[in-house]
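Q: Below is a structure I'd like to ask you about.
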Amino acid sequence: MKILFAADLHYALKQFDWLAANAGECDALIIGGDLLDLGASLDTDLQAVVVEKYLHKLSKLTRVIVSSGNHDGDHRDANGESRARWLGEMKDERLHVDGDSLDVAGMRITVCPWWDGPVTRAEVEQQLITAAPPPGVPWLWVYHAPPEGPLSWTGKEFIGDATLTEWIGRFSPRIVLSGHIHNAPFYAQGSWIDRIGETWAFNPGRQIGGCPAVLRFDLEKQEVSWHSQEGVEERSLVG
């Protein structure tokens, strides 16, 4: 299975166009949160309308898997916690969103929503408990914030998600796809790839321009490559 992964597009429409031009080359396109941009002049409700059209277009080209990030919430629930309702309403057979788990090519993929409080945190934990695959089945998580370590280096400090690190230790997924810390891969102390126990964790970073920073996975060959303005770096996932 070939996977194309990007995160933190932040309403960069030329980057959505690039994904549309390249989506047909992969078996699954995964976007790891922050499709919208809270800092943009255009209201996020209007941004969501445009992004919805892109996601529907992309889902006609390949299977699309999308998690929410901290910029994507359009609703505060009774507990004051953020939820991306607009994204949840888009779910269909070729577009998988927050809360979904699916089996593709012998791998289970679980899409975790952004959480910012105890209620939504508990929901994600229960989601992982329920979605855990049988022994021997590789498990991939899409989870916007990166775990502790080089994927979360801001240039001044490491600000990874300690809860995610704890869950990785508890559940041992094969792969975790994150984003959120835009520049981590571009710093000497940061990285786009990390190993936590038996888990491979990734953050492709964010770059300006018409082409997003992306990861390309070939899971049959157990290979991954990072494509950015820095060039291309390749790693084996064997071992």
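Quick note: the sequence shown uses numbering that gives the first Met the number 0, first residue 0, plus one each step.
Every residue, glycine too, gets a C-beta built ideally from N, C-alpha and C.
It should be emphasised that the depicted structure is a prediction, and the values quoted were computed from it without experimental measurement.
#1: Taking 7 Å as the limit between beta carbons, can you name the residues of its chain near D76, skipping five residues before and five after?
#2: Classify A183: buried if its beta carbon has 16 or more other beta carbons within 10 angstroms, exposed otherwise.
#3: If we count the other Cβ atoms within 10 Å of its Cβ and call it buried at 16 or more, is V118 buried or exposed?
#4: Nearest to I174 by alpha carbon, out of W114, Y186, D193?
#5: Taking 9 Å as the threshold (beta carbon to beta carbon), is I158 in contact with chain C?
#6: Compute every distance between the C-beta of L139 and the non-hydrogen atoms of the ligand HEM, then say whether any falls below 8 Å.
#7: Could you give the residue range of the alpha helix (DSSP H) that holds V223?
#8: Three or more beta-carbon pairs under 8 Å between the stretch 53–67 and the stretch 20–34, yes or no?
#9: The beta strand (DSSP E) with F201 in it runs from where to where?
#10: Among the candidates R169, P203, K1, K155, whose CA atom is the shortest distance from the CA of E232?
#11: Output yes or no for whether 9 Å exceeds the beta carbon distance between A212 and Q228.
#12: Taking the alpha-carbon of E156 as reference, which of T164, L139, E165, Y186 has the nearest alpha-carbon?
#13: In the DSSP assignment, find the unbroken beta strand (DSSP E) run with G230 in it and report its ends.
#14: Indicate the three-state DSSP secondary structure (helix, strand or coil) for H95 in the structure shown.
#15: P149 and S190: beta carbons closer than 9 Å?
#16: Does the Cβ of E197 have 16 or more other Cβ atoms within 10 Å, making it buried, or fewer, making it exposed?
#17: Identify the residues that DSSP records as bridge partners of D217: which are they?
#18: Only counting the same chain, and skipping five residues up and downstream in sequence, which positions put a Cβ closer than 6 Å to that of R62?
#19: Buried or exposed for S151, going by 16 or more other Cβ atoms inside 10 Å?
#20: P145: which of L86, V50, C210, T162 sits nearest, CA to CA?
A: Considering the structure as presented:
#1: R82
#2: buried
#3: exposed
#4: D193
#5: Included in the structure is just one protein chain, with no chain C present.
#6: No copy of the ligand HEM occurs in the structure displayed, which carries no ligand at all.
#7: Run containing V223: none in the alpha helix (DSSP H); it sits in the beta strand (DSSP E), 222–227.
#8: yes
#9: 198–201
#10: P203
#11: yes
#12: Y186
#13: 230–235
#14: strand
#15: yes
#16: exposed
#17: K1, E222
#18: A27, R93
#19: buried
#20: T162
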